[in-house]
Structure formats: C-alpha cells, structure tokens
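Residue numbers (the working numbering): 11 to 156.
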Ligand code: DQA
C-alpha cells in the first residue's frame, strides 16, 4: 500500500512554531517517524508539505491511480479550502484528516473543516502520533485490497 502524507502551511515550522500548541517535534523528525512507521506496517510512504494551496491540489491530482491512501493535515486551509476538498473528491482516494492540536477546543474559525467532507475519519489533538494512527487506520481498512 502506498500512503501519501500531505501537510499544509506552516507545518514546516513545527518545533519552532507555538510549541505549547504544536509540540517540540520538528517537521524532519515527523517525516522520519512516518517513514519508520510505514516500514513497520509494510507501507510505502511519501511526505509532502507546501505553503501553497494550488501545490496541494496539484499533488492530490497527481496521486490519482498511484496512491492508495492519503493522510492530510491541511493546516489553515482546513478552514477555508473548497479547492482541496474538491481535489480529494475528484481522486476518490481514501483519506484521513489529521490535526496536531485539539482544534475542537480552539477558536470558532477552526471549527469549520471543508476537507472533512471528503475524509473517512478525523484525528485531532494526538500530536505527531496522530499521523501514525491515521496510517494504522488506512492500512487496517484498505491495506489488503492491494
Ligand atoms: C492545525 C490546526 C489548524 O487550525 C492550524 O491552522 C494549523 C495546524 C493542527 O495541526 O492542529 O496550522 O491543522
């Protein structure tokens, strides 16, 4: 199974960015955790991060026919992007939405998620481990279909 992990704007600043909210794990360490967990699960992984909405849309479109599952933390685009929602719907690849922080307990503007409408499930507030849990979910539900 091939899993694409997509991170949106400012996730490259993990470790530096508001560590009280997002933790001390930096982006590089997150990608290493993901790679190692993928190896344990027998899944091929690719980590992609962009600060640009259109680049995320392009990456989702490019995944069509090549990727079996997507783990996506669209970051701030979660709350604004119909384009990312539409891209996920267009490719119909099983997807899990992940947030490092407890978005449910934060500002009102973070309570809206467009992307959620195209995701199987959502994992919030589990820090970096949330990505690994999302991978577990995808492998368990879709792993034997390949
Ligand atoms: C986030 C939550 C978003 O509201 C925020 O804009 C982010 C990160 C999270 O992982 O907790 O950049 O997606």
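Where a beta carbon is used, it is the ideal one built from N, C-alpha and C, also for glycine.
Considered as a whole, the segment 25–63 harbours 54–59 as its complete beta strand (DSSP E) runs of no fewer than 3 residues, in chain order.
Contact between the segment 83–99 and the segment 40–52 is not established, with fewer than three Cβ pairs separated by less than 8 Å. Membership of residue 140 in the alpha helix (DSSP H) is indicated by the continuous run 139–152.
Taking a cut-off of 6 Å from the heavy atoms of the ligand DQA, the residues with a C-beta inside it are 20, 83, 85, 86, 88, 109, 110, 111, 113, 120. Residue 22 carries a helical assignment under DSSP once its states are collapsed to helix, strand and coil.
Between residue 79 and residue 105, the gap from beta carbon to beta carbon is short of 9 Å. It is roughly 17 Å from the alpha-carbon of residue 29 to the alpha-carbon of residue 141. Assigned with DSSP and collapsed to three states, residue 89 falls in helix.
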